[in-house]
Amino acid sequence: DAEFQKGTNIIQHSYIYKGSSSVEYKNEFFYRLTTGKMWANGQIDDFELLINIPGQGIYVPWSFQKSMEPAKWDVVGIGRLHDELTDFMGDTVRMGYLQSGMLRFHAMNFKPDFDLHFGMMNFFNMLAFEANDLLSEVDAHLTLSPYYYGYEKSELNDLSDFELMFLRNYIFAQHGYEFRNEELIAIFSMFSWYYPQAWKNDEIDKEFSKEEMQLINDILEIEKSRGQ
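Per our numbering, residue 3 is the first one in the sequence shown, and the count goes up by one each step.
Next up, the structure:
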């Protein structure tokens, strides 16, 4: 119970939960916003939402209004959101990728018609993971996570020289490495999440996870055995 005093009362609350996951979603989160229109003045006077999930492909609502007026999302950090409206698994969303930082949505006199639903994507990971040719299912929002699903080192031996090169450099690209090789630039420029930052090049390996480093080392070992 909360006891309200005369004048302005500020209520703060927090909670932690894991969200849900599925084949399509690495994680997805729901939050009820429409109850804000049930408040005494029929709105949320000052609303701010911060989503902090760096290093992820993400989708967020295109709009919170029946009019489909676009929600004004800001990237606070390094990353990008696509301007195109996308139908993703039945939801109208904007897709993007965060290298670092967070997404911010701020609105005054907020009267949401829809609740919040956002998450991290698995769908395009699965397209790539199941493809015989890693580039045969290229999509603007494609992300790969072979270390997320787990892999056997022997499986890498079945990949072509080009596919190994692509997979190894993909990890660098996802962290914002600025390539000088024209072929790699052309390949990774196809992806919506590729956002090169030249200043990161010299120490970019410090951002790699243990799984990413293991994958790179496994690929380098195979490439060396092939005389590359």
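For each residue, glycine too, the CB sits at the ideal point set by N, CA and C.
Residue i in three-state terms, based on DSSP
i	result
Tyr197	coil
Tyr99	strand
Met40	helix
Asn183	coil
Ala73	coil
Asn29	strand
Leu35	coil
Asp163	helix
Ser65	strand
Glu50	strand
Ala4	coil
Residue-chain proximity (residue i, chain C), Cβ-Cβ < 8 Å
i	result
Met215	The displayed structure is made up of one protein chain only, and chain C is not part of it.
Separation of residue j from residue i, as counted between CA atoms
i	j	result
Asp89	Asn111	28 Å
Gln58	Ala4	37 Å
Ile221	His177	18 Å
Asp163	Glu214	19 Å
Glu205	Lys39	48 Å
Arg82	Tyr197	8 Å
Trp75	Ser69	17 Å
Asp48	Lys212	41 Å
Lys155	Phe210	19 Å
Asn219	Asn183	21 Å
Val77	Ser16	23 Å
Ala73	Ala109	9 Å
Sub-8 Å separation of residue i and residue j beta-carbons
i	j	result
Glu56	Gly103	In the sequence under discussion, the amino acid at residue 56 is Pro, which differs from the Glu named in the question. Cβ atoms of Pro56 and Gly103: closer than 8 Å.
Ile60	Phe120	yes
Leu105	Ile46	no
Asn171	Leu161	no
Met122	Asn43	no
Val62	Arg34	no
Asp115	Phe174	no
Leu100	Thr94	no
Asp117	Thr36	yes
Gln230	Ile80	no
Candidates the options, of which the one nearest residue i by Cα
i	options	result
Leu51	Asn43, Ala42, Ser69 and Phe32	Phe32
Arg228	Ala200, Leu158, Ser16 and Gly98	Leu158
Trp195	Ile224, Met167 and Gly98	Gly98
Inter-residue CB distance, residue i and residue j (contact presumed, cutoff 8 Å)
i	j	result
Lys208	Tyr179	Not a contact, Cβ separation roughly 12 Å.
Ile224	Leu169	The pair is not a contact, with the Cβ atoms about 11 Å apart (cut-off 8 Å).
Phe181	Phe190	7 Å
Proximity test, residue i beta-carbon vs the ligand NAP heavy atom, cut-off 7 Å
i	result
Glu5	As for the ligand NAP, it is missing from this structure, which has no ligand bound.
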